[in-house]
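Protein chains: 2
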Amino acid sequence: MEKQKRNTKTKQMIMSVLSDSSSALCYDDFAEKLREKMDKATIYRILQGFCDDGMIHKIVGENGKTYYALCHHCSNEKHNDNHLHFRCVRCETISCIDEPVSISPLPSGYKMLAVSCIVSGYCPDCLTEQNEKVAK
Amino acid sequence: MEKQKRNTKTKQMIMSVLSDSSSALCYDDFAEKLREKMDKATIYRILQGFCDDGMIHKIVGENGKTYYALCHHCSNEKHNDNHLHFRCVRCETISCIDEPVSISPLPSGYKMLAVSCIVSGYCPDCLTEQNEKVAK
DNA sequence: TTTAATATTGCAACAATGTCTCATTAATTT
DNA sequence: AAATTAATGAGACATTGTTGCAATATTAAA
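From first to last, the protein sequence lines stand for chains A and B. If you want the working numbering, it's the 1-based position in the first sequence plus 39. If you want the working numbering, it's the 1-based position in the second sequence plus 39.
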């Protein structure tokens with residue numbers, strides 16, 4: 040790790056965009072919220088740097104895009120990306136769920152090191168709206 | 040579904056490459072095995088067609104690449120992509136594990152529709168080799 | 001079997017996502 | 001304040017995948 044030695048305004052802006060969001064963000068989200076204040080390469084480099092430093096983590100969506108999220112519940116000692124991610128099929132946001140993923144026992148002979156898991160469905164907000172629609 | 044109406048040689052070749060493989064394959068794998076006998080667009084289109092027809096399924100790896108695998112254990116009536124995928128960190132193959140994924144209960148308010156899950160670690164072959172190395 | 005209809009293919013251009021180089025700028029150290 | 005070093009912006013490039021369209025192959029019709 041030879042990265043992120045200076046705490047610049049650029050980095051602060053990116054970090055604050057991410058802190059203000061309750062869901063994981065992709066490059067386009069950052070670009071939009073920063074209104075072209077920052078170069079594409081810079082955004083990607085800073086996000087990669089934060090990942091290398093263990094401050095955020097990546098989630099690759101089923102659309103092939105990479106999303107970035109703060110490591111809210113990862114301690115410094117024990118960095119754990121193995122939690123669940125949830126993608127809402129209605130509002131299209133991806134967010135972290137703090138419950139650890141329990142995977143049914145693997146067939147013998149396999150050794151598990153990490154889990155990357157995205158559940159899709161309705162998030163609480165969208166499920167509520169959905170139910171209200173049906174109720175009408 | 041308006042696809043794959045003709046069973047051409049091209050499709051047969053792609054299907055046989057996939058049948059012969061015990062792991063999921065990405066575009067490059069097909070291109071390599073078919074030795075430039077076939078155009079990129081054709082390969083992608085046929086794979087997409089097989090997906091639409093429910094004969095194969097896609098897995099998006101953590102590298103952002105899409106892998107394709109036969110639906111070995113999906114019946115026609117009940118198409119189930121919600122099984123586990125395993126990526127070996129040593130031989131770098133991605134394969135399907137037929138065990139269904141059991142996810143620890145979601146927080147209330149969420150409604151799960153599908154699961155996309157990739158476990159990484161050592162596959163049986165590579166774990167054996169690893170252990171033999173250590174034993175020496 | 002020959003013709004007509006239609007699906008498939010190859011090619012090239014394009015699109016989206018992300019990375020790299022390198023000159024310039026900004027932050028830190030001396 | 002000057003020197004050092006890290007970060008940034010700009011554009012070119014890389015990779016993965018898609019699209020439009022003319023040419024080809026397959027199937028259906030005559």
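Beta carbons are placed, not taken as given, at the ideal position from N, Cα and C, and that holds for glycine. Keep in mind that this is a model prediction, so the values were computed, not measured.
Under 9 Å between the Cβ atoms of residue i and residue j?
i	j	result
Y161 (chain B)	C135 (chain B)	no
Y178 (chain B)	F89 (chain A)	There is no way to answer for residue 178 (chain B), as the model of chain B reaches only from 40 to 175.
D92 (chain B)	H111 (chain B)	no
Y107 (chain A)	A70 (chain A)	no
I157 (chain B)	S147 (chain A)	no
M54 (chain A)	M94 (chain A)	yes
S60 (chain A)	D68 (chain A)	yes
I98 (chain A)	S141 (chain B)	no
G103 (chain B)	K44 (chain A)	no
Rounding to the nearest angstrom, what Cα-Cα distance links residue i and residue j in this structure?
i	j	result
V56 (chain A)	K72 (chain A)	7 Å
T167 (chain A)	A174 (chain A)	11 Å
Y83 (chain B)	S159 (chain B)	26 Å
K79 (chain A)	I85 (chain A)	10 Å
M77 (chain B)	T49 (chain B)	8 Å
P144 (chain B)	L109 (chain B)	29 Å
C165 (chain A)	C165 (chain B)	44 Å
P163 (chain A)	E75 (chain B)	49 Å
N170 (chain A)	P139 (chain A)	28 Å
S58 (chain B)	E131 (chain B)	19 Å
Where do the N-terminal and C-terminal ends of the alpha helix (DSSP H) with residue i fall, by residue?
i	result
E171 (chain A)	163 to 174
K72 (chain B)	66 to 72
T49 (chain A)	48 to 58
List the endpoints of the continuous beta strand (DSSP E) containing residue i.
i	result
R126 (chain A)	122 to 127
I85 (chain A)	First-last for I85 (chain A): 79 to 91, but that is the alpha helix (DSSP H), not the beta strand (DSSP E).
P139 (chain A)	133 to 139
H224 (chain A)	Given a span of 40 to 175 for chain A in the structure shown, any question on residue 224 (chain A) remains unanswerable.
Y107 (chain A)	105 to 109
Alpha carbons only, please: which of the options is nearest the one belonging to residue i?
i	options	result
L152 (chain B)	A:Q51, A:S147, A:R129	A:R129
I133 (chain A)	A:R45, A:M54, A:G100	A:G100
L123 (chain A)	A:K104, A:H96, A:C65	A:H96
T47 (chain A)	A:R74, A:E75, A:C65, A:T81	A:T81
Q87 (chain A)	A:C65, A:N170, A:R74	A:C65
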